[in-house]
Amino acid sequence: MNTKNWQAAMQVIEKIEQAGFEAVVVGGAVRDLYLQKASHDVDVATSALPTEVKALFSTTIDVGIEHGTVLVTDMVEPIEVTTYRTDGTYVDHRRPDAVQFVRTLKDDLQRRDFTMNAMALTRTNELIDLYGGKADIDAKMIRAVGDPVLRFQEDALRMLRAVRFSAQLGFAIEEATMMAIKQHAATIQYVAMERIHAELSKIWTGKYVAIGLASLEQSELASFLPGQFKASQWADFQTEDRIVGWAYLCVLNADFDAQLLTVYKCSNKDKAFVKQVLQAYKALEAGWQPVHYFRYELYALQTAYRFAQWQQGEQTVSFEEIEQNKLALPIQQTSELAVSGHDFMQWTSKKRGPWLKQVLNDALQAVLNGEVANDPQQLKEWLINAFNDEG
Ligand code: ATP
Ligand code: MG
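If you want it as structure tokens, here you go:
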């Protein structure tokens, strides 16, 4: 438990209560506390209106004022304070832009997605559990609050959130909840790609990723998402780094141009890294040569190697050995080559042209393969020999 977060939240609650309003910790933090897991954010819900909250603290930021959320920055940690609300009407299976403020916690908890996310904790540590969240957590069960069919009709993202929580917690999705997801799976297409991306990233990094993939397949959501998702291929997969998951998805889809990443709105930086992994993975089939150790960054090499292990199950080289092989290269960067294009032009009296790039590349390869030392004199001899051989 991040105690600083909890302390800050409790201070915020105390202040709001002193002003005559209600305030409690809600959502993920209460779930995580019951699970004895660390929580990254501790959110507060209150009967006070946003303007009333803002009047109580000296520094606040309007992070989502239209949804009733104010960030209080008076304490050691920033705390999100959201006015009790219900979500207004839903259009296109997406959460509404407009919300309605309400004065009771019960109404606020009712709008939340799953029973385990619909609990609240008071400042005196009283657990408010109106929808059986505790029992569902004990039974390792993800269950929609209220009628699952209605809840997924309102907001299709919740279906993917159910799968995401199964990947993070290893819980099963309750039967009626699962049936409703199957029924509405096609509406996942209405959800913004950025939000799908965020949930998938949490699935890849989930401790129970194989269970998450099984839920994704069983719920039929997988059929309505770009790419192929076969749960069996993820059995050994495990990572704390979302980018490793995105790279693995591309490998499993034989998508060596990483086109899926464009569809899923990944950043250019992500794409560049994943392309390295994919190329390294492909090169591994024939075995890595010095040039591969040179070309790809260590993490890409290690990631590609792990994929081969997950796919083929062999494990002969350690991460340390990959690193040592890379470090053992005579040079680490092209700029370390002891000669330049200018030198080659001088030695051959030839004009600049496509040959120059080729010969520089050949020289680099020769140095990497240990055929010639990275030394100007020896590279000059190597060049003269190479030209003699040609002529
Ligand atoms: P995490 O640990 O990943 O942050 P979380 O449960 O805190 O998980 P958030 O997205 O931070 O998830 O949302 C906070 C709370 O808001 C949830 O616990 C839930 O009560 C509610 N919530 C979030 N998204 C939805 C949604 N789409 N529909 C209904 N309630 C939601
Ligand atoms: Mg949260």
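The opening residue of the sequence shown carries number 24 in the numbering used here; numbering runs sequentially from there. Just so you know, even glycine gets a beta-carbon here, dropped at the ideal spot from N, CA and C. Since the structure is predicted, the reported quantities are computational estimates derived from the model, not experimental observations.
Relative to the ligand MG, is the shortest distance from any of its heavy atoms to the C-beta of residue i smaller than 7 Å?
{"i": "Asp131", "result": "no"}
{"i": "Asp159", "result": "no"}
What residue does the beta strand (DSSP E) around residue i start on, and which one ends it?
{"i": "Thr285", "result": "Not the beta strand (DSSP E): Thr285 falls in the alpha helix (DSSP H), residues 282–286."}
{"i": "Gln123", "result": "122–124"}
{"i": "Gly87", "result": "83–87"}
{"i": "Val48", "result": "46–49"}
For residue i, which residues of its own chain have a beta-carbon under 8 Å away from its beta-carbon, when the five flanking residues on both sides are left out?
{"i": "Ile151", "result": "Val47, Leu128, Leu132, Met142, Ala143, Leu144, Thr145"}
{"i": "Arg126", "result": "Ser70, Tyr107"}
{"i": "Ser224", "result": "Arg265, Gly268, Trp269"}
{"i": "Asn397", "result": "Pro353, Ile354, Glu359, Leu360, Ala361, Val390"}
{"i": "Ala294", "result": "In the sequence under discussion, the amino acid at residue 294 is Lys, which differs from the Ala named in the question. So the qualifying residues of the chain are Ala281, Leu284, Thr285."}
{"i": "Trp405", "result": "Ala386, Ala389, Glu394, Val395"}
So, at 7 Å on beta carbons, what are the nonlocal neighbours of residue i in its own chain, with the 5 sequence-adjacent residues on each side left out?
{"i": "Thr262", "result": "Trp227, Thr228, Gly268"}
{"i": "Thr326", "result": "Val267, Ala270, Val300"}
{"i": "Gln123", "result": "Arg108, Thr109, Gly111"}
{"i": "Met98", "result": "Ala31, Gln34, Val35"}
{"i": "Thr357", "result": "Leu387"}
{"i": "Arg181", "result": "Asp136, Arg174, Phe175"}
{"i": "His207", "result": "Phe175, Gln176, Ala179, Met182"}
{"i": "Gly364", "result": "Leu379, Leu383"}
{"i": "Phe252", "result": "Leu236, Leu239, Glu240, Ala245"}
Using 7 Å as the cut-off, classify the Cβ of residue i as near or not near the heavy atoms of the ligand ATP, replying yes or no.
{"i": "Asp280", "result": "no"}
{"i": "Gly51", "result": "yes"}
{"i": "Arg134", "result": "yes"}
{"i": "Arg166", "result": "no"}
{"i": "Leu180", "result": "yes"}
{"i": "Arg117", "result": "no"}
{"i": "Ala141", "result": "yes"}
{"i": "Asp152", "result": "no"}
{"i": "Arg184", "result": "yes"}
{"i": "Asp293", "result": "no"}
{"i": "Asp85", "result": "no"}
{"i": "Asp66", "result": "yes"}
Can you name the start and end residues of the alpha helix (DSSP H) that residue i belongs to?
{"i": "Thr26", "result": "26–41"}
{"i": "Ala306", "result": "291–307"}
{"i": "Thr138", "result": "That residue, Thr138, is in no alpha helix (DSSP H); it is neither H nor E in DSSP."}
{"i": "Ala270", "result": "265–275"}
{"i": "Ala237", "result": "232–241"}
{"i": "Leu223", "result": "216–227"}
{"i": "Phe317", "result": "313–318"}
{"i": "Thr74", "result": "73–79"}
{"i": "Arg174", "result": "171–177"}
{"i": "Lys253", "result": "Segment: none, Lys253 is in no alpha helix (DSSP H) and carries neither H nor E."}
{"i": "Asp130", "result": "128–133"}
According to DSSP, which residues form a beta bridge with residue i?
{"i": "Val104", "result": "Val67, Val93"}
{"i": "Ile196", "result": "Ile165"}
{"i": "Ile204", "result": "Per DSSP, none; premise fails for Ile204."}
{"i": "Gly143", "result": "In the sequence on display, residue 143 carries Ala and not Gly. According to DSSP, Ala143 bridges with Val49, Ile151."}
{"i": "Thr13", "result": "Nothing can be reported for residue 13: it is not among the residues displayed for the chain, which extend from 24 to 414."}
{"i": "Arg117", "result": "Val114"}
Skipping 5 residues on each side, what residues in its chain have a beta carbon closer than 6 Å to that of residue i?
{"i": "Ala185", "result": "Ile165, Ile196"}
{"i": "Ala32", "result": "Val48, Val65, Val67, Ile102"}
{"i": "Leu275", "result": "Gln256"}
{"i": "Thr105", "result": "Ala68, Gly91, Thr92"}
{"i": "Lys349", "result": "Tyr316, Leu321"}
{"i": "Gly169", "result": "none"}
{"i": "Pro171", "result": "Ala199, Thr200, Ala203"}
Say yes only if the C-beta of residue i is nearer than 7 Å to one or more non-hydrogen atoms of the ligand NAD, and no if none qualify.
{"i": "Ile84", "result": "The ligand NAD is absent from the structure shown, which contains only the ligand ATP and the ligand MG."}
Quiz item: Where are the alpha helix (DSSP H) runs, 4 residues long or more, that stay fully inside the region 321–383, in chain order?
Solution: Fully enclosed alpha helix (DSSP H) runs of 4 or longer: 321–335, 342–350, 364–371.
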